[in-house]
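Once you know that position 218 of the sequence shown is 219 in our numbering, the rest is easy, because the numbers rise by one and skip nothing.
Before any comments, here is the structure.
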Amino acid sequence: MCFLKKYFIALILFSSCISAHGQDIHFSQIFETPVLRNPALAGIFSGDIRIQTVYRSQWNSITNAYQTGSSNIEYKIPFTQSGDFLTIAGQFLYDKAGTADLRSTHILPALNYHKSLNDEKSTYLSLAFMGGWVQRSIDRSKITTNSQYNGNNYDPTLLNGENFPKSSFSFFDANVGLSFNTQLGEKEDNNMFLGVAYHHFTKPKKISFYNDSKLALTPKWVASGGVRMSLDDYSFLTIEADYSKQGISSEIIGGMMYTKKLDEPEAPKYLLHGGAYFRFRDAIIPVLKIEAKPLAIAVSYDVNISGLKQASKGRGGFEVSLTYQKYLNKYNSSINSTKCPRF
2 MCFLKKYFIA LILFSSCISA HGQDIHFSQI FETPVLRNPA LAGIFSGDIR IQTVYRSQWN
62 SITNAYQTGS SNIEYKIPFT QSGDFLTIAG QFLYDKAGTA DLRSTHILPA LNYHKSLNDE
122 KSTYLSLAFM GGWVQRSIDR SKITTNSQYN GNNYDPTLLN GENFPKSSFS FFDANVGLSF
182 NTQLGEKEDN NMFLGVAYHH FTKPKKISFY NDSKLALTPK WVASGGVRMS LDDYSFLTIE
242 ADYSKQGISS EIIGGMMYTK KLDEPEAPKY LLHGGAYFRF RDAIIPVLKI EAKPLAIAVS
302 YDVNISGLKQ ASKGRGGFEV SLTYQKYLNK YNSSINSTKC PRF
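Printed below as a string of structure tokens:
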């Protein structure tokens, strides 16, 4: 087998197995993907319902752009007397990579139970479970190898010499998470959270396009933390970070955002957020977010500082997110039954 063929096979195997021995799908706007970070972060927001959608395009300066989409929905059901409440959530992911259209689709429902730890209903311990269906596929018609070179040029009518027994496969995946969150003092703008999640604890096996593969999905630990501090009546600062460990791979991402309330200080409708995040040894990520409740839009861009910066010319990934978040003014709304941190 010649070099080009070996290179192609290595690329396909790497792409199909990156989640087995590398890192999962991830986003730079970690504040807009709480359920993906840790299912126990679902429901930690001001409102009864939250819907978030994020789109990411990465590495289009090196190869075909990696396109990733995430959507999550959270709905809170308070138990008025006890202060406890339940969050029903769903995480949906889509990823497309490379010239062979390697695709990944995730549909993951989640439940998060929040136990109130004080009479003021401002401190909670949350335990969550998330599990569902994952499918991966590849378009075999777009696979080309040097076996299709006829001596003069590329001939698509020739067999590519590869025998993938299947062009798609699916499996069940599951995650569990724990989080603690509390309000700090009397001001609602002062709050913090801590969390830890264990992803892929079912360790799905045979996650490959080859029937005889022994690959298994490596479990991943994610530790998260954040704090929000009031600066004055019209502004606050948010600092947060994640550390993830999956097999031999690890990632640290963190940053801060300054927020300015543009109208009234107690229940502002218009807010402007700006700041930057940093993915260790990989990228600097400036972020801008505009909020006009119940809607918010955020944009960010990864400025590559890793070993790929020469090939990528410093260009990394562009992300845009849209959030819808509000109280529903129903009889059992969480507006009076909980005082969750406003992350």
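The beta carbon of each residue, even a glycine, is placed where N, CA and C say it ideally should be.
Given the structure is predicted, the values throughout are model-derived calculations rather than measurements.
Taking the alpha-carbon of residue i as reference, which of the options has the nearest alpha-carbon?
{"i": "residue 110", "options": "237, 251, 280 and 39", "result": "39"}
{"i": "residue 301", "options": "26, 56 and 43", "result": "56"}
{"i": "residue 221", "options": "228, 102, 231 and 202", "result": "202"}
{"i": "residue 105", "options": "123, 71 and 75", "result": "71"}
{"i": "residue 126", "options": "77, 95 and 181", "result": "181"}
{"i": "residue 75", "options": "99, 121 and 43", "result": "43"}
{"i": "residue 51", "options": "177, 29, 273 and 78", "result": "78"}
{"i": "residue 177", "options": "130, 167 and 138", "result": "130"}
{"i": "residue 206", "options": "195, 188, 173 and 278", "result": "173"}
{"i": "residue 247", "options": "277, 279, 210 and 204", "result": "204"}
{"i": "residue 322", "options": "107, 69 and 41", "result": "69"}
{"i": "residue 92", "options": "264, 235, 252 and 107", "result": "107"}
{"i": "residue 67", "options": "103, 306 and 46", "result": "103"}
{"i": "residue 48", "options": "295, 304 and 281", "result": "295"}
{"i": "residue 29", "options": "264, 257, 175 and 270", "result": "257"}
{"i": "residue 326", "options": "26, 27, 25 and 33", "result": "33"}
{"i": "residue 242", "options": "273, 171, 195 and 170", "result": "195"}
{"i": "residue 265", "options": "132, 273 and 234", "result": "234"}
{"i": "residue 417", "options": "141, 279 and 267", "result": "The structure shown does not extend to residue 417, since the chain is modelled only from 2 to 344, so the question has no answer here."}
{"i": "residue 136", "options": "216, 171 and 73", "result": "171"}
{"i": "residue 1", "options": "200, 188 and 272", "result": "A query on residue 1 cannot be resolved here, the shown segment of the chain reaching from 2 to 344 and no further."}
Measuring straight from C-alpha to C-alpha, what distance separates residue i and residue j?
{"i": "residue 80", "j": "residue 87", "result": "8 Å"}
{"i": "residue 261", "j": "residue 237", "result": "7 Å"}
{"i": "residue 284", "j": "residue 193", "result": "26 Å"}
{"i": "residue 299", "j": "residue 36", "result": "18 Å"}
{"i": "residue 223", "j": "residue 134", "result": "21 Å"}
{"i": "residue 328", "j": "residue 291", "result": "19 Å"}
{"i": "residue 198", "j": "residue 96", "result": "22 Å"}
{"i": "residue 123", "j": "residue 100", "result": "50 Å"}
{"i": "residue 82", "j": "residue 120", "result": "11 Å"}
{"i": "residue 244", "j": "residue 252", "result": "6 Å"}
{"i": "residue 14", "j": "residue 214", "result": "At residue 14, the pLDDT of 39 sits below 50, so the modelled position is not reliable; the number obtained from the coordinates is stated separately. About 11 Å."}
{"i": "residue 94", "j": "residue 116", "result": "28 Å"}
{"i": "residue 218", "j": "residue 169", "result": "16 Å"}
{"i": "residue 22", "j": "residue 185", "result": "Annotation note: pLDDT 43 at residue 22 (below 50); position unreliable, coordinate value reported separately. Each residue's Cα considered, the two are about 40 Å apart."}
{"i": "residue 286", "j": "residue 225", "result": "18 Å"}
Assuming residue i and residue j form a contact by the criterion Cβ under 8 Å, report the distance between their Cβ atoms to the nearest whole angstrom.
{"i": "residue 179", "j": "residue 118", "result": "With 8 Å as the limit, residue 179 and residue 118 do not qualify as a contact, their Cβ atoms being about 13 Å apart."}
{"i": "residue 275", "j": "residue 59", "result": "Not really, about 22 Å apart at Cβ, beyond 8 Å."}
{"i": "residue 90", "j": "residue 113", "result": "7 Å"}
{"i": "residue 293", "j": "residue 324", "result": "Between residue 324 and residue 293 the Cβ distance is about 11 Å, and since that is not below 8 Å, they are no contact."}
{"i": "residue 254", "j": "residue 31", "result": "6 Å"}
Quick one: does residue i have its CB under 8 Å from some CB of chain C?
{"i": "residue 232", "result": "Structure shown: chain C not included; a single protein chain is present."}
**Request:** Return the chain-ordered ranges of every beta strand (DSSP E) run that is complete within the stretch 171-206 and spans a minimum of 3 residues.
**Result:** 192-200
**Request:** Please list the segments of the beta strand (DSSP E) lying wholly inside the stretch 37-115, counting only runs of 3 or more residues, in order along the chain.
**Result:** Those beta strand (DSSP E) runs which fall completely within the stretch 37-115 and span 3+ residues are 50-59, 67-79 and 86-98.
**Item:** Continuous beta strand (DSSP E) assignments of at least 3 residues falling wholly in the stretch 224-277
**Value:** 236-247 and 250-262
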